[in-house]
Amino acid sequence: MCSSDLELPQKSNDPDAREHWYRELLKLRSVLEQHVGITITDVRLREAIQLMNRERRLRLALAELMQEDRPPLMGRELLNLKSLIAGLPDDLAAYERILTNLAQRPLAERSSGHRPRVLLTGVPCPHCAERIVDLIEREGGLVVVQENCTGIKPILRQVPEDAADPVRALADYYFAIPCSVLTPNSARQELIRELAKRFRVDCIVELIWQCCLTYDIESVQTRATAASLAVPYLKIETGYSPHDDARLAVRISALLEMCQDD
């Protein structure tokens, strides 16, 4: 067994699925111990949890700056600050330094308050696949919050640092993230509603990579969520290639015009 052999559960409301996921993490710990040649003790796990909680708090503090009327950075700038490798001391020091500097950024250097505020949901935007954020902001929008896994969803909560069983604490934490592989996944729509209100969004854009069927299926629910919030909604289905940038730019521009008309 290796890390890629982790079997993800699909039933979000099933206690057996949660227990199965816990046992999968126990297996992973055993495999890692054999592969790396160390003993992963509870003490070491708690130290790692504390480190990652610190990173989550710093990244969340950066994300919450986007709640301001004129945030001190653009959505693309915030996306650039995501960690490629978690828990690096240089990353944590950089987050702290950036938070201090952004608090002092002059109003003239901040994003315009006239830009429609966009909530981006759906698939993550990993390195070299950030072009949808670029398109939205190039057309005059401002991505104030990303519900996806390269955005705010995985950093909203902390893992209990004093849990009697740190592996179970980790299992519970990750099992509770509302991923589209889970069913039912009503928690994701509840999170979108919460974020839309907290960040005062003007519209919702849902990004779906071609052949990513789980998010595609859930797009019906997201459209209904947007309707319940009385905000415009746009579903974008695309791939990593920029061949459709011009077409998508037209659709995004039309969406943002709807926001301004409101």
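Read in order, the letters of the sequence shown correspond to residues 396 to 657 in our numbering. The beta-carbon is built from N, C-alpha and C at its ideal position, and this holds for glycine as well.
Of the candidates R471, V562, E613, the residue whose Cα lies closest to the Cα of V518 is E613. Bounds of the alpha helix (DSSP H) holding I587 are 581–593.
I599: member of the beta strand (DSSP E) spanning 598–604, first to last residue. About 4 Å separates the beta carbon of S575 from that of T609, a gap short enough to meet the 8 Å contact definition. Taking C-alpha positions only, V554 is separated from T620 by approximately 29 Å. For T578, the number of other beta carbons within 10 angstroms of its own is below 16, and it is reported as exposed. Residue state for G470 is assigned as helix, using DSSP reduced to three classes.
Within 10 angstroms of the beta-carbon of C606 lie fewer than 16 other beta-carbons, which makes it exposed. The distance from the Cβ of L629 to that of I647 is about 7 Å, consistent with a contact at the 8 Å cut-off. Beta-bridge pairing by DSSP links L514 to V540, I599.
For L565, the three-state secondary structure derived from DSSP is helix.
The beta-carbon distance between L651 and P511, rounded to whole angstroms, is 5 Å. This is short enough to meet the 8 Å contact definition.
Per DSSP, reduced to three states, the secondary structure at T617 is helical. V540 has its alpha-carbon roughly 7 Å from the corresponding atom of I547.
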